[in-house]
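All letters in the sequence shown, in the order written, are residues -21 to -1, 1 to 243 by mature numbering (1 follows the signal peptide of the UniProt record, and there is no 0).
Ideal Cβ placement from N, Cα and C applies to all residues, glycine included.
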Amino acid sequence: MTALRNVAAISIAALGTVAWAQSSPVTRMAENERQARIDLREHFSFLLQERSPRTGGHLWTERVVEVDEGKVARLLKVDGVPLSAEAAAAEQRRLTALANDPEAFRKLNASAQSDEKHLISLLGALPSQFLMTPAGSVNGCSQYSFKPNPTYQPASMEEKVLHAMEGTVSIKEPEDRLCDLQSRIVTPVSFGFGLLGKVNQGGNFQLERRQVSPDTWKSVRMVVHMDGKILMMKTLTRDQDAIRSEIKLVPQHISLQQAVDLTR
């Protein structure tokens, strides 16, 4: 069921021939995005505005600083209102405690597997699942529309959900980097004839990325809306909208305390 919970996935497409798939912009983009996560050397700070279950449905504004072990985030505003002096002091105590406990910080970041990470990790596995059609260009990026390949048989729950999607993918060429992914669930998906779980029709996903340095692209917008159930009891609902702005390069290999200081 973990695969279902992590299904914040947007689909990409490929033509039916293997030769084209091996050299397609989509395949090259997927490999570049996978490799970029492995070769990640630069860290950034950014302003994050997010509304999600994590924020209790409120709009949180946070200053985030990336470090080798993960991300340090300071809450600045809730629903556009700055924290009170008391709440700001409590937030400072929380961050100080994290800075003094690197192991707790690593565990916190390890457990917070982001939808973005799952999206990008899935890209390389998807070309065989979809049929793709060139759809012009948008904002200087080549766009392709995609729909499920009817000859593909999904091998897992996650693939079954992905195979119920259609949408568009935009790629910056010749760099072959991901500009934008937009997808929607066009048919409901059930598991075990609906007894094990289901994902309802109508869910949608979006990931928008921008180049922020010569070697680095960052996600600037991620939207996830999905509804369903697991084992007829646990609700499978994702409702997230996150925007990153004020993205700036920060020194590399800084300490947790230095990162905390940069969030002020």
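Under the rule that 16 or more other beta-carbon atoms within 10 Å means buried, what is residue i, buried or exposed?
i: Q1; result: Caution is warranted here: a pLDDT of 46 is assigned to Q1, below 50, making its placement in the model unreliable, and no coordinate value can be reported.
i: R53; result: buried
i: R156; result: buried
i: K50; result: buried
i: D80; result: exposed
i: A143; result: buried
i: T112; result: exposed
i: A221; result: buried
i: Q161; result: buried
i: A64; result: exposed
i: S149; result: buried
In this structure, how does DSSP classify residue i when only helix, strand and coil are distinguished?
i: I233; result: coil
i: N88; result: helix
i: S31; result: coil
i: E154; result: coil
i: P81; result: helix
i: Q180; result: coil
i: V165; result: coil
How far does the beta strand (DSSP E) with residue i in it reach, from first residue to last?
i: R72; result: Taken as a continuous stretch (DSSP letters only), R72 belongs to no beta strand (DSSP E), being part of the alpha helix (DSSP H) at 64 to 78.
i: N183; result: 183 to 192
i: E45; result: 38 to 46
i: Q122; result: 120 to 127
i: R53; result: 49 to 57
Over what stretch of residues does the alpha helix (DSSP H) that includes residue i continue unbroken?
i: Q14; result: 4 to 17
i: V140; result: 136 to 141
Candidates the options: which alpha carbon is nearest residue i's?
i: P153; options: L186, G176, T130, G119; result: G119
i: D47; options: L77, P193, G59, R85; result: R85
i: H37; options: R13, D218, V57, S149; result: V57
i: D240; options: A134, R73, T147, Q185; result: R73
i: T147; options: S135, R189, F109, Q180; result: F109
Do residue i and residue j have their C-beta atoms closer together than 9 Å?
i: residue 299; j: Y131; result: Only positions -21 to 243 of the chain appear in the structure, and residue 299 is not among them; the question remains open.
i: L228; j: V203; result: no
i: S124; j: K151; result: no
i: V178; j: P167; result: yes
i: G182; j: M205; result: yes
i: residue 260; j: E145; result: Here the chain covers residues -21 to 243 and nothing more, so residue 260 does not appear.
i: R42; j: L27; result: yes
i: F25; j: K139; result: no
i: D159; j: P32; result: no
Is the Cβ of residue i closer than 9 Å to any Cβ of chain D?
i: A15; result: Of the protein chains in this structure there is only one, and it is not chain D.
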